[in-house]
Amino acid sequence: MNRYQLLQLSLVISGLIQVSAFKTNFDFHGNNNHKNNDKKEDQKVNEEPIQVHLIGHTHNDLGWLKTVDQSFTGTNEKQARGSIQMILDTTIHHLIKDPSKRFCYCEIKYFSMWWKYQNDEMKQKVKDIVKQGRLEFVNGGWVSHDEATTNYEDQINNMYIGHQFLKKELDYSPKVAWQVDVFGHSTSAQRLFPDMGLNAVYFERIDGQDLQNRIQNKNFEMQWRPMFNHVGKQSQIFSHVLKDGYCNENYFGFDSRDDSDNDTAFIDNPDYDTFNADWKSQEFMKIVQSFVQAQRHNHVMISFGCDFYFQNAWQTFKSMDKMIKYINAKYSNVSLFYSTPGYYSEKISQLDITWPTNYDDFFPYRQPSSLDDVWSGYYSTRPTHKKIVRDASTLLQAANRVYALKVIDQSASEQEIQVTMQAQYNLLDQLGIQQHHDAITGTSSLIVADDYMRRIVKSMNDNNIVYQKIISDLAFKSFGIDSNTWDQCTLNNQTYIECPVSAYQDQSFLVVAQNPANIEVQYQKIKLPSDKYDAQVWNTTTKQFDPVRSEIFCHEFTYKDSNQTVNNCEMIVENPISIDSLSLIKINFQNTKKSLEQKKQQNKLNKISYLGEDENGSLFQVTDLKGINRQFYFQLRYYQVESSSQTHSSSDVYKFQPKLDHQISIQYNTFTDQVTSNGEFCQEIFIRYLNKTSGDRYAEVKVRAYEKLPTIEFEVYMDEIPSDQGAQEITVNFKEKETNSKKKQLDNGQVFYTDSNGLEMQRRELNKKPNFQYKTNAVKAFNFFPVTSSIAIVDNQKKMQMTIMNDRAQGGSYDDKSKSIELLFNRRIYEFSGEVINSPLRGTFWVHLFDRTQEQSYQRQQQIQTEQAIQYFYTSQWKENLNVMSHAKINKEGRFAKFVNEDKRNITIKINLIPQEKNKILVRFYNLEDIFDYQSNSDLDKTLVYIDVQDYAKQLFREANSKLNDPNVQIIEKGLTGVQDMSDIIKNKNNLKGDDDSKITPPPTFEDPSKYKIALVAQQIRTFELTYTLKYNKIRDEIIQ
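Numbering (mature numbering (1 follows the signal peptide of the UniProt record, and there is no 0)) for the sequence shown: -21 to -1, 1 to 1020.
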């Protein structure tokens, strides 16, 4: 019997066996007397042999040490070896040639690059091996995305572009997730995977102590039930921790990249001096035994592959073939065969096993070999890049709204639709790359980080060419404004220098403000070179510009790189923009200075006041709408960094390592001066701080309060961290202060909450983990968690809450000694090559300090305004055509009112549109409410809203085609990536048993009232495919005219 016949027979046997128990008393040392094959197979069936799944794979980072293009082409070999195109070439050719082989591949961006070079014949062969299950795509995302610093929207979009590609090109939908190199794992990512059609997830990087406990207790395979209080078992996912990692076991590398002497080829010819099959097979059987002793069944999954392995697939497969043949012949109690994670999952699902359950995430990460090295630094590494990625995400969401209307606009040409779809694809492509676990995390080399930045900025600029053209058309249809010179700011959080106004030279100009959010936005911000401006807003009813209230705040700002000092002014315009709407603002140059002091004001806003400085920082007092005063501190602090030693590392791109003998932060700078400016509806307190080192490094804080908003806004700027102070970790700190002896500080009992990728708030408790007792000297770093939108503390006795919201991902924690919330803001650290990572930084935070019984949390409303931020378009050259007012505006306020019952609180509903092709779009509805904001976990019904999807779909069509009758609309609920029907996903969801099934009470579920009227409760996301067809078979041009 040749090796291929033996393998095929082993696969058949493994498919027939139903395991409830198995024996472990087999001979791990083997013997030299090979038994008759027929007799051996009979013994296998009787003794229920160990089924050893050999998982051939390669881990291909989208970046890290080499750029994406360098990694694909195999260039820059001095930096790192590896060529993705050679990996795919040799592996796929081998799979085509040998039907016994199986292999899995994860990074769809790389595969799409390879796919472009293949002819039709090769593409068909690839389709065949995919259909046969021998080439399995795992995860299916454009990249294997990070789970700590990514936003849920970007996770979905990363998976969307990958799944769409696989469906279109290969008619394939992935079944399992493969997140093997991600530095910790979130509940949100696992909660989303099942709604993408993924029923199992495989990963490696969990805390080293946690892993050892799970191995000892046979718990490294589990039923993970993320966000259980919201979704119950609906999103449970079978989870497998790769016990020994995603790379090959010692002695079994077989790859040209593996330089170890012991990881040489498997030599099975005893006549050769290099014969090693005897001792290697014994080593392998020890590995198998270690798995058998640590798990609850007799299927063992062992990885064969690592970073950029299989560049010469012939070499690796050759040794694997020999090993399979040799061990299967020598040991009667095992059956080795090529497998994939999906095939393993299929076999596991057939077992009658009650699995341990898990409800929490896996942050932070520590390697088993170094428990004092905590990987919580990358939550904040390269913060500017993290903000650019967030800006690109908001740009995509805003552009998608007008792109979706374009593809259902019956007057749009095929070319216009093609250009629109290409613009969307290009931005999705590059935004997908940014989600990689070495991109947005900031953990790549410097050349790769620069390439990431170049890519995302270029894609944003390219997208804006198409985006601005559509906005120009909408401005003409909506307001009669004719201009072909619309432009946008490059960096909205800097000065007017980065905005088109810098070229206007004291001219009046127009701004189109697009609000893509499903929430009314009260204020707009416009950068200016001086305060000699006022604002007017276009009235669509009277067809004229009406004056509106505005305030301008000005301060000098110096660019350190050029030593250029500018008058940094910002106008705040009070102009409520309704949901998903455009507003036209005219900024008039007056040539006379109009400072806040010179304006005649009947009333000045006195919502916040600066009370002074002490050891806790700058003290502020906020007065709420009921006249209650509350006080809190703000302060910049820093941690000194531990030096590297044999037992632990210093801070680096991955790790946050304050001095182990002094894990207390120190005041970073001192107060110099402050200016308070009170306007009618907005006030600002401007404070400067000084770090007295070489060069005198400054920090600035603009603290703003708005009449109609419950939050206080902090815009924080700091110069580069001084080099003569070495490595430093800078934090922003917020702390509530008691106002009198009866009103003590918030007592949160060492408990705080952080968001999970922008979704559910998760409970954290200082120095405690829910699943194991941890040991570490790096206590401070171990208590830092990823914060992508919010961190909060709650006093359950007083019903008081303090929430801090941010504008990008950061590490965050609660410091029990100072009683403050702290966020890791900026870092001065060193990357692989010794290059310093350090830059000036500007970021924004929103503070909400409130009584939970009297006031609703503003967290989710602010989150939507951050995720779907207003987009601004500028022009100083235009003509007004008042006769062109054909664009019929939709009553979006009325549409939104249908989402919320009047007797319920203000439910936060987010909507996204995704164009797919002509007359076809996806719409996603998100209920961002969170049980965290309610009195108890039983209040889920209070978050329930109903949405008429058919009515919404028709209103979208009317908005794009004001002169046409309503079309027929086919509505199909899809999974989150828009590929599989949701009905099929539900039928195939994981229903494995958990060991606490009899003890838990899942939350209630809510039925849809009708086919197109859907129920949506907190943290639920539902996606619908809308396909439009006209009711009347007429020529399009005749209908439109």
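Beta carbons: idealized from backbone N, C-alpha and C, even for Gly. Fair warning: this is a prediction, and the values are worked out from it, not measured in the lab.
Subject >> For residue 904 and residue 926, believed in contact at Cβ under 8 Å, the rounded distance >> reply: For residue 926 against residue 904, the beta-carbon gap comes to about 6 Å, under 8 Å, which counts as contact.
Subject >> Rounded separation between residue 928 and residue 946 - CA only >> reply: 14 Å
Original post:
Going by C-alpha distance, which of 414, 835 and 677 is nearest residue 161?
Top reply: 414
Subject >> Same chain, Cβ closer than 8 Å to residue 315, five either side skipped, listed in chain order >> reply: -12, 31, 33, 302, 303, 306 and 307
**OP:** Return the chain-ordered ranges of every beta strand (DSSP E) run that is complete within the region 687 to 712 and spans a minimum of 3 residues.
**Re:** 691 to 697
**OP:** State the Cα-Cα distance for the pair residue 841 and residue 767, rounded to the nearest angstrom.
**Re:** 13 Å
**OP:** Return the CA-CA distance between residue 397 and residue 654, expressed in angstroms with no decimal places.
**Re:** Whole-angstrom Cα-Cα distance: 52 Å.
Subject >> Nearest-angstrom Cβ-Cβ length linking residue 242 and residue 230, presumed shorter than 8 Å >> reply: 6 Å
Original post:
Any idea if residue 723 is buried or exposed, counting beta-carbon neighbours within 10 angstroms, 16 or more meaning buried?
Top reply: Its Cβ having fewer than 16 others within 10 Å, residue 723 is exposed.
Original post:
When the Cα of residue 916 is compared with those of 63, 35, 208 and 95, which residue comes out closest?
Top reply: 208
**OP:** Identify every residue that forms a DSSP beta bridge with residue 543.
**Re:** Per DSSP, 538.
Original post:
Under 8 Å between the Cβ atoms of residue 335 and residue 920?
Top reply: no
**OP:** Report the rounded CA-to-CA distance for residue 1000 versus residue 171, giving the unit in angstroms.
**Re:** 9 Å
Subject >> Between the CA atoms of residue 698 and residue 819 - distance to the nearest angstrom >> reply: 4 Å
Original post:
Three or more C-beta pairs closer than 8 Å, one from the region 632 to 649 and one from the region 608 to 620: is that the case here?
Top reply: Yes, since at least three Cβ pairs between the region 632 to 649 and the region 608 to 620 fall closer than 8 Å, the two stretches touch.
**OP:** Have a look at 38, 49 and 493 and flag the residue whose alpha-carbon is nearest the alpha-carbon of residue 122.
**Re:** 38
**OP:** Can you give me the Cβ contacts of residue 212 inside the same chain, cut-off strictly under 7 Å, excluding the 5 residues immediately before and after it?
**Re:** 204 and 981
Subject >> contact_flag[the region 888 to 896, the region 376 to 388] where n(CB pairs < 8 Å) is 3 or more >> reply: yes
Original post:
Looking at the structure shown, is residue 409 part of a helix, part of a strand, or coil, going by DSSP?
Top reply: helix
**OP:** Pick out the complete alpha helix (DSSP H) segments inside the region 264 to 321, 4 residues or longer, and give them in chain order.
**Re:** 292 to 309
**OP:** Measure from the alpha carbon of residue 1002 to the alpha carbon of each residue in 636, 460, 549 and 174, then state which is nearest.
**Re:** Of 636, 460, 549 and 174, the smallest CA-CA separation from residue 1002 is found for 174.
Original post:
What do you reckon, are the CB atoms on residue 790 and residue 763 nearer than 8 Å?
Top reply: yes
**OP:** Helix, strand or coil for residue 526, going by three-state DSSP, please let me know.
**Re:** strand
Subject >> residue 220 vs residue 185 beta-carbon contact at 8 Å >> reply: yes
Subject >> Residue from 226, 135 and 663 whose Cα sits closest to the Cα of residue 693 >> reply: 663
Subject >> Residues that residue 774 bridges to, as DSSP identifies them >> reply: Listed as beta-bridge partners of residue 774 by DSSP are 779.
Subject >> Limits of the alpha helix (DSSP H) - the one that residue 89 falls within >> reply: Element bounds for residue 89: 87 to 94.
Original post:
Distance, Cα to Cα, residue 957 vs residue 264?
Top reply: Rounded to the nearest angstrom, the two C-alpha atoms are 44 Å apart.
Subject >> Where residue 231 falls: helix, strand or coil (DSSP) >> reply: In this structure, residue 231 counts as coil in the three-state DSSP scheme.
Subject >> Buried/exposed call for residue 665, threshold 16 Cβ in 10 Å >> reply: With 16 or more other Cβ atoms from the protein chains shown falling within 10 Å of its own Cβ, residue 665 counts as buried.
**OP:** Quick one: give me the first and last residue of the alpha helix (DSSP H) that residue 962 is part of.
**Re:** 961 to 966
Subject >> residue 360 in three-state terms, based on DSSP >> reply: coil
Original post:
Run through DSSP, which three-state label would residue 163 get?
Top reply: coil
**OP:** Quick one: grab the DSSP three-state call for residue 733.
**Re:** strand
**OP:** Quick one: grab the DSSP three-state call for residue 114.
**Re:** strand
Original post:
Looking only at DSSP bridge pairs, what is residue 591 linked to?
Top reply: 598
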